[in-house]
Structure formats: structure tokens, C-alpha cells
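Note that the sequence shown covers residues 1 to 525 in UniProt numbering. By construction, the Cβ of each residue, glycine as well, lies at the ideal position given by its N, Cα and C atoms. Only a predicted model underlies this, so the values are computations on that prediction, with no experimental measurement involved. See structure below.
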Amino acid sequence: MTTESKPTPPKRVVPSALRPLLWVGIPESVLAWKPRLPSRNWCIFWASVATVSYLYYDDRKQCKKILEEYKERVRGLSDGVMHPHEHPRKVLVYTAKYPGDDNYDVSAVYFKRYVKPILVAAAVDYEILSGTRYGNLARELRDRIHERRRNLAGLQPWTTNTAPGTALPTTLSPAEHLQRELDGAVVLVGRPALKEWAWALKEGWGTSIPVKPVDYDEQLSNTLSTDSAFDEEDVAPAASSVTPDVPLDEANDEDGAPLPSSSSQSFMLPTQVGLMSMQKGAGFSPAGIQGAHISTHANASTESAASEPELPPMLPIPAQPPLCFIDFTNMVGWRNIPNRIVRFFNRRADVRRGAEAGLSIVLGSKDDAREFEPGSVGAVRTEPPQGEDLDWGIGEEAYYPKSFDRTIEDIEKSRKTYYEDLKKELKASREIARGEREPTKAEKRLMPKTETELRHQRFEKEKQWRNSEQGYHILKPSSGVIWDENWRGSLRVLRPRSEEERVPRLVREEEPAEEKLTPAEEVSS
């Protein structure tokens, strides 16, 4: 019987030049190791990783280089000496919520990443106003313009950087405050900000406004008080719910005030609602009287508001700070993932675009800005494309996600579902509050909202839905940028800067250093 001998592995041979290292303590396996190329799959993997890493490294290296070049061109402005009472130049940055993106600050992040470094290098101050929801920027700017109109009319005191009545060296007068705004600039990041800014300009300067500031929340609450969302089905009250000594016909007050379930009271503050729902069918209903009084007061206030004097539209509008538009495209949605991947390895294009805009802001002023060009007089369209400067960033709208087009449908679905659930919650809340039944086990763990809380919740939801609808109609791609012919001559645009323009840095002469004496010279002296 023959036994098969196991094959012996080849003996590792240490090169003669490396044999002395064996006596140093280096293992023989290390000295006899013969490297070889990895397999084909590993070669593909490492080559791909190396290529992607180099593309990322080279792009970020180019970004830093481009940014430093532009910062060096404007650093001369930061070398100047300011008076202690002097204010730096300040620009206003407007960003709006981008359609289809839940992060409302993506435009502000883009500005801080690519434009802010240029402003900081030039010692230029800035203020960012961001819209958190669709149309929020437009409504905020409209309210600011209305406040400015009341300031100019002398109906409202100017709000400066100090409290009224104080006189500090740094306090700006109204004229100085306006001049500082004109010396600055208005930066619009993305086409949504452009559309909301134009809408605010139209509603702020081109409409009649009441002398007193308008409380839009109160207007909405008065509107909601006329519907039947909190009306109760006509059910005969139980006999036990009326006091025997008081006839059923006298359950209401003398003035015929409606019962708590009437539509005269929809949304009111918690202190106004009180125990209206609990007093349903009782002999005495002070809350019902209060609700009727509030409704009468609301009607009287509406009539008085209609008779109040109004400020007429201010046309042409006052001179505005020069504009600077920054084209920003937010890649949202699955269909834009390939574009986002390519953009990730080409950030230098964004850096250069933002640096060019920052250079226009820093080196530009209202004196050398060009006039805003909307097109021929009387030939400006209301639908895109409108031509000239009104088509700023129109290519961004091609990347809007499809979900943005369903905004109105989604709001209608949410509103329908909410009001169906509201009836059930309101019925359960009223039955428990009136003692008609005991709460169930599930309701004991999580008690239903009170009628006051439901009214407040409904007010907040309606406010959000209506604001979103208004913002959608402003931002939808089929709507153009609002334009008024009375704006001609009041709007100007900062010009792009050439490659040769730069601000030279100050060269400070160094004082000659004192010559130090040697020890021998010190002794002789």
C-alpha cells in the first residue's frame, strides 16, 4: 500500500541582499514576500475609488483657489479705517422657500457658502430674510413696505436702531437710514425670491392701504366666524337640561342671542369662548351673550374700517436699492439625482457664479448700476417667457418636482379629511363637556381636544392652507413675474465686473527698527 505524500509548499527564498536583515529580527516571510497585482475586480474597484477621490479633491482644490482669488480682489476695502460712528455698507438678502423642498433655508445656505465669503473679505454687512413657507417672503416684504408708507406719511414713528426718544451717536436719522439702504443692495437668490419680491412690490406700493395697520389674523377669524364649521345638528334638548322653573322658550337671553352652537362664533380666543359649549340648553348663558356682543363688535369694526381714510397708491415708487440676482437651481426629486451627482463634482462652477455675484455687490453701487430692463413699454407679457430681466432664472422652473403642481389638490384633500374628522372630535368633546356621556377607555388615555382648542387648531390650519394657496399662485411656473409700468426708472441692476477690476490693498510703511547696541558699545557709551 502506497501512501501519497502531501505536496510541500515552495520554500520562500530570501534574496541574498536581504539575508543580513534576518539577524536583525525581521521575519523571513516579510523578506521573502513577492508582491503581485490584485485580481481584475479589485483593480477595477481601486481604480474607480482613486478616480472619484481625485475628481473630488481636484474640484475642492479649484474651489479654494477661485475663492481666494476673488477675496484677494476685494480685501483692499477692509483695509480702510472707519469712524467710530460710521456704519458699514449693508445689503439685504431675500430667499424664498424653494418649490418641492421641505428645507426652506437651502437658498440661504447657498448664499452663505458662495457669496458671503466675498462680502466678509470686503467688510460688507448683510441681513438675510428667508421665507419659511410659500409666500411668506412676499407677505413679510408687503408688511414692511406698508410700514414704510405709514412712516413717510407721518402716521407711524420710524423704527431705527435705538428706542424712540434716545439720542446716541450711532442713531441714524430717517434720512440717513434711507440713504444707507440706497447705498446697499437687494440680493435675490433664485427665481422664487424674484417672484415674491415683485409681488410684494406691487401689493406694497401699488395698492391703497388703511391708515392703521391691518391685523390679517383678525380678518381671517371674522371670515371663519361666518361659516358653519362648528354648527351643531338640530337636536331637541333633553328635558333634564332645562331648569324646571324656566320655560324652554326663555332658555335664550333677552336679546335673542344665539346659542353656543350658532355660526356667529367660529374662532375666538380661549378667554372669549369660555363655557359656551357647556351651557348649551341651560337657563343662563353669559358666554352666549358675550359671543353675540363680540359678533356685533366685529361687524361694527368692519363697518368702521370701511369708512376709515386710506393712503392712496404711491406711484411712481421711490428709488429702490440696486438689485443683484443670483441664479440658484435646487435639484429636488429622484429625477434630478444624476444632475446632483454631476454637480457634486463641479462645485467650482457654483463658487465662480457666487463669487462673481459677490464681486458685483461689493464693487457696484447705485451710481454705476444699469436700469432694469423689462422690455418695451406696454408690451410686457404676464405669462413667461416675458423677456429681458423678467426672465431671470426661468430655467430653474424646469427642475421643479412634479409634486409642486399638485399643491392645490393636496391642500383640498387635507382640508376635506380634516373637516370630516373635526365633526367627530367636536361631537365627542361637546358630549363629554356637557356630561351627556362618560369618556371611553381610549378617551381617558387621550382626552379629546376641547372646543376652544379645536377652534384654535382650525384657525391655524386654515391660515396655513390659505397662505400656501396664495404662495403657490405666485410661484407656479405658468405665472410670470409681476410688473408695473410705474416702476420704470426706480429699479436698477448691478453690473457684472471685469477681470481687471480689483481694489488695491494699502501698503503700510514699516517703521525702521531700532539698532541694538553690542555689549562693548553699551559699555563705551
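Please work out which residues of its chain come closer than 6 Å, Cβ to Cβ, to lysine 34, disregarding the five sequence neighbours upstream and downstream, and give them in chain order. Cβ neighbours of lysine 34 beyond the five flanking positions: none.
For alanine 239, count neighbouring Cβ atoms within 10 angstroms of its own Cβ and tell me buried if that reaches 16, exposed if not. Because the pLDDT at alanine 239 is just 39, under 50, the model does not fix this residue reliably, and the value given afterwards should be weighed accordingly. Its Cβ having fewer than 16 others within 10 Å, alanine 239 is exposed.
Task: threonine 452, DSSP secondary structure in three states - done: helix
- Message: On the DSSP letters alone, give me the boundaries of the alpha helix (DSSP H) that residue 528 sits inside.
- Response: Given a span of 1 to 525 for the chain in the structure shown, any question on residue 528 remains unanswerable.
**Message:** Taking the alpha-carbon of leucine 491 as reference, which of Arg352, Trp483, Arg497 has the nearest alpha-carbon?
**Reply:** Nearest neighbour of leucine 491 by Cα position, chosen from Arg352, Trp483, Arg497, turns out to be Trp483.
Whose C-beta lies closer than 7 Å to the C-beta of arginine 89 among residues of the same chain, with five residues either side of it excluded? Val124, Asp125, Asp183, Gly184
### Query
If we count the other Cβ atoms within 10 Å of its Cβ and call it buried at 16 or more, is tryptophan 23 buried or exposed?
exposed
- Which same chain residues, not among the five before or five after glycine 471, have their C-beta less than 6 Å away from its C-beta? For glycine 471, where only same-chain residues beyond five positions count, the Cβ hits under 6 Å are Tyr134, Gly135.
### Query
Considering only residues of the same chain and omitting the five flanking positions on each side of glutamate 485, which have a CB-CB separation below 6 Å?
Within the same chain, glutamate 485 has no close Cβ partners at all.
Margin query: For a quick check, are the C-beta atoms of phenylalanine 328 and serine 29 less than 7 Å apart?
Written below: no
- Whose C-beta lies closer than 6 Å to the C-beta of leucine 506 among residues of the same chain, with five residues either side of it excluded? Asp79
Which residues DSSP lists as bridging threonine 159, in chain order: Note: threonine 159 sits in no beta bridge, so no partner.
CB contact flag (proline 192, leucine 390, <7 Å):
Their beta carbons are not under 7 Å apart, which means proline 192 does not touch leucine 390 by this criterion.
Over what stretch of residues does the alpha helix (DSSP H) that includes aspartate 143 continue unbroken? Element bounds for aspartate 143: 136 to 152.
List the endpoints of the continuous alpha helix (DSSP H) containing aspartate 421. 407 to 433
(Q) Rounded to the nearest angstrom, what separates glutamine 265 and serine 225 at their Cα positions? (A) Because glutamine 265 sits at a pLDDT of 42, beneath the cut-off of 50, its placement in the model cannot be relied upon, and the point is left open.
Going by other Cβ atoms of all chains shown within 10 Å of its Cβ, with 16 needed for buried, is alanine 47 buried or exposed? exposed
Point to revise | Segments of 3+ residues assigned as beta strand (DSSP E) that fall wholly inside the segment 183 to 234 | key: 185 to 189
_leucine 194 and leucine 201 closer than 7 Å at C-beta_ = no
- prompt: Shortest alpha-carbon distance to leucine 311 belongs to which of Asn346, Arg149, Val186?
  reply: Arg149
Should alanine 369 and isoleucine 118 be called a contact, given that it needs their Cβ atoms to be closer than 7 Å?
No, the Cβ-Cβ distance between alanine 369 and isoleucine 118 is not below 7 Å.
Inset, instruction - Thinking glycine 206 and proline 313 are a contact (beta carbons under 8 Å), I'd like their distance in whole angstroms, please. - result: 5 Å
Cut-off 6 Å between Cβ atoms - residues of its own chain near lysine 423, not counting five sequence neighbours on either side: The answer is none, since no qualifying residue turns up.
Practice prompt. Check each candidate in Glu397, Val49, Ser228 and name the one with the smallest Cα separation from proline 384.
Written response: Glu397
| said: Could you compute how far the alpha carbon of serine 498 sits from the alpha carbon of glycine 375? | reply: 26 Å
TODO: Measure the alpha-carbon distance for alanine 138 versus leucine 315 and round it to whole angstroms.
DONE: Answer to the nearest angstrom: the Cα atoms are 19 Å apart.
**Request:** May I have the straight-line CA-CA distance separating leucine 494 from glutamate 69, to the nearest angstrom?
**Result:** Each residue's Cα considered, the two are about 21 Å apart.
Practice problem: Report yes if the C-beta distance between threonine 322 and lysine 366 is below 7 Å; otherwise report no. | Solution: The sequence as given places proline at residue 322; threonine does not occur at that position. Yes; because the gap between Cβ atoms is below 7 Å, this pair is in contact.
Euclidean distance between Cα positions of arginine 415 and threonine 407: 12 Å
*Just checking my contact of tyrosine 94 with tryptophan 199 at CB under 8 Å: how many whole Å lie between their CB atoms?*
In this structure tyrosine 94 does not touch tryptophan 199 by the C-beta definition: roughly 12 Å separates them, more than the 8 Å allowed.
Please state if the CB of alanine 32 and the CB of arginine 75 are separated by a distance shorter than 7 Å. Taking 7 Å as the cut-off, the beta carbon of arginine 75 is found no closer than this to the beta carbon of alanine 32.
Return helix, strand or coil for lysine 90, following the three-state DSSP convention. strand
Quiz item: Three-state secondary structure (DSSP) at valine 14?
Solution: coil
Decide if arginine 381 is buried, meaning its Cβ has at least 16 other Cβ atoms within 10 Å, or exposed.
-> By the 16-neighbour rule on beta-carbons within 10 angstroms, arginine 381 is exposed.
Compare the Cα-Cα distances from arginine 73 to each of Ile361, Asp410, Thr171 and report the closest residue.
Nearest in C-alpha terms to arginine 73, of all of Ile361, Asp410, Thr171, is Ile361.
Discussion item. Considering Cα atoms alone, identify which of Cys324, Arg113, Asp217, Ala357 is closest to residue 531.
Written reply: Absent from the model: residue 531. The displayed extent of the chain is 1 to 525, so no value can be given.
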